[in-house]
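Undergrad:
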Amino acid sequence: MGAEFIKRAKDEAELAEAELRANVAAMLARLRREGDGAALDLAREFDGWTGPVMVPADEVAAAGDDLTDQIKDDILYAHDNIAAFARAQRASIRETEVELRPGLRVGQRLIPVAAVGAYVPGGRYCHIASALMTVTTAREAGVGHVAAATPPRRGGVPAAVLYALNVAGADRILALGGVQAVAALSFGLFGLPRADMLVGPGNAYVAEAKRQLFGEVGIDMVAGPTDSLVIADATADAELVAWDLVGQAEHGPTSPVWLVTDSRDLAVRVGALVPRLIAGLPEVNRDAAEAAWAARGEIILCSDREAMAEEADCIAPEHLHVQAADLDWWRGRLRSYGALFLGAEATVAFGDKASGTNHVLPTSGAARYTGGLSVLKFLKAVTWQEVSPEALRDLAAVTARISRYEGMEGHARSADIRLEKFFPGETFRLR
């Protein structure tokens, strides 16, 4: 049987994408033209911020004074896990050198980008984890300069975010949000080096600014609303499944959450539990989760585990949590996800905050073709080659003949001349 929707998402409201893109383009053009002054004007307009944009070093150093030892220890715990996993990723790839033929040596070097701009979102939540995920990973990749920007609240950047950015190794911190922050990092405003790469999640304006600047700078991805899918069979605990859906729905009203199951009984029980659990959340969380569940939540009933896996691969969620029997089968079968969480003991919140894998992940189905933020994103895998006379004869002749077959005579002659110079008097078949 095909998939059956026990609960289906509402049609998405049309987004004013053309207006959004035009607004962002106009803002970027002004910021490019007017520089620091435009960024300060936009900070006043959108953030209500008139304080210093560059957070002073003494304020960063003192951020921990306003925090309890417990939250500082927790930030260090999360940072150590993120850093250790990033180091393991870095160690999994290496520079290489190989002699393909006698005298033909080629290789690969791994060169970190020089400067990175990391955006840490603001809004309704205090995003400690995003500060750690982006800056720590860039540092472990060997990036030379990492600047961070985050929207200030009343009084400035929250102390916990400042502390996390300092622990992670940010060189400079901007109290700046939105398009103006993306531009400041990209264009090198306020005395910053121009970023080679922009990373980190943000709202629709931040995502659109990154999209428009891509090419001029590198970006991690164009991220949409966060999304999460739970695969669960009859062995799953309905309450755990329901809380995992609720926990991800609180990201915001446009965040999709899915339950894919082959158990009608579980589907019905989870469908009844989710609204009750949402009702018990604090107001700000409740409003976000309630809207997300109403408009973007789905429960999909499938015939068997293969159909469940096919449905998950088709959706290609940012987060994929399996609460089902035979976890080894699922780990080997599933193909399209940003991050995979296996078993009832795991939860997406662990990856979001502290387990060590990165939470900057592909959304909106992009997991079909890309993975999330990692040290690999900050490393340029560049190649080199060296040719000795021993290899030159065949390599130059082959290159000349292929070039002429393609019609690229200049390429051919750059090979011909080497045969003339290095093997005078010899005859080669070059056509």
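First residue of the sequence shown? That's 96 in the working numbering, and the numbers climb one at a time after it.
Heads up, the beta-carbon is just placed ideally off N, CA and C, and yes, glycines get one too.
Inspect the beta-carbon positions of residue 334 and residue 368 and report whether they are closer than 9 Å.
TA: Closer than 9 Å, so yes.
Undergrad: Put residue 228 into one of helix, strand or coil per three-state DSSP.
TA: It is helical.
Undergrad: By DSSP, does residue 472 sit in helix, in strand, or in coil?
TA: Reduced to three states, the DSSP call for residue 472 is helix.
Undergrad: Could you name the residues that DSSP lists as bridge partners for residue 478?
TA: Looking at the DSSP assignment, residue 478 forms a beta bridge with 203.
Undergrad: DSSP has residue 415 in a bridge; who is on the other side?
TA: According to DSSP, which records beta bridges pairwise, residue 415 is partnered with 324, 435.
Undergrad: According to DSSP, is residue 463 helix, strand or coil?
TA: Helix, per DSSP.
Undergrad: Mind reading off the beta-carbon distance from residue 212 to residue 246? Whole number of angstroms is fine, and I expect it under 8 Å.
TA: About 15 Å separates the two Cβ atoms, so there is no contact after all.
Undergrad: So residue 455 and residue 296 are in contact, right, with Cβ under 8 Å, and what is the actual spacing, rounded?
TA: About 6 Å separates the two Cβ atoms, so the contact holds.
Undergrad: Can you say whether residue 398 is buried or exposed, counting buried as having 16 or more other CB atoms within 10 angstroms of its CB?
TA: Exposed.
Undergrad: Residue ranges of each alpha helix (DSSP H) run of no fewer than 4 residues wholly in the region 292-320, ordered along the chain?
TA: Runs found: 299-308.
Undergrad: Counting along the chain, where does the beta strand (DSSP E) carrying residue 330 start and finish?
TA: That residue, residue 330, is in no beta strand (DSSP E); it is neither H nor E in DSSP.
Undergrad: As a quick exercise: from 303, 272, 242, pick the residue whose alpha carbon is nearest that of residue 114.
TA: For residue 114, the nearest C-alpha among the options comes from 303.
Undergrad: Within 10 Å of its beta-carbon, does residue 457 have 16 or more other beta-carbons around it, so buried, or fewer, so exposed?
TA: Residue 457 is buried by the Cβ-count criterion.
Undergrad: Can you tell me the Cα-Cα spacing of residue 348 and residue 380, whole angstroms?
TA: Approximately 10 Å between the Cα atoms of the pair.
Undergrad: If you run the structure through DSSP and keep just helix, strand and coil, what is residue 525?
TA: DSSP places residue 525 in coil when its eight states are reduced to three.
Undergrad: Just confirm the distance between the C-beta atoms of residue 185 and residue 242, as a whole number of angstroms; I'd bet it's less than 8 Å.
TA: Residue 185 to residue 242, Cβ: 21 Å. No contact.
Undergrad: Are the beta-carbon atoms of residue 265 and residue 226 separated by less than 9 Å?
TA: For residue 265 and residue 226, yes; Cβs fall inside 9 Å.
Undergrad: From residue 526 to residue 488, what does the alpha carbon distance come to, in whole angstroms?
TA: About 14 Å.
Undergrad: Since residue 144 is in the beta strand (DSSP E), which residue starts that stretch and which ends it?
TA: Per DSSP, residue 144 belongs to no beta strand (DSSP E) and is neither H nor E.
Undergrad: Quick one: is residue 191 buried, meaning 16 or more other Cβ sit within 10 Å of its Cβ, or exposed?
TA: Per the 10 Å Cβ criterion, exposed.
Undergrad: At the level of alpha carbons, what is the spacing between residue 104 and residue 441?
TA: Taking the straight line joining both Cα atoms gives about 26 Å.
Undergrad: DSSP state of residue 251, grouped into three classes?
TA: Strand, per DSSP.
Undergrad: Helix, strand or coil, according to DSSP, for residue 73 in the structure here?
TA: Examination of residue 73 is not possible in this model, given that the chain is present from 96 through 526 alone.
Undergrad: Since residue 384 contacts residue 376 with CB under 8 Å, what's their CB separation in whole angstroms?
TA: Right, the Cβ-Cβ distance comes to about 6 Å (below 8 Å), so this counts as a contact.
Undergrad: What are the uninterrupted segments assigned as alpha helix (DSSP H) that are 4 or more residues long and contained completely in the region 357-425, given in chain order?
TA: Listed in chain order, the complete alpha helix (DSSP H) runs (minimum 4 residues) inside the region 357-425 are 359-374, 378-391, 400-410.
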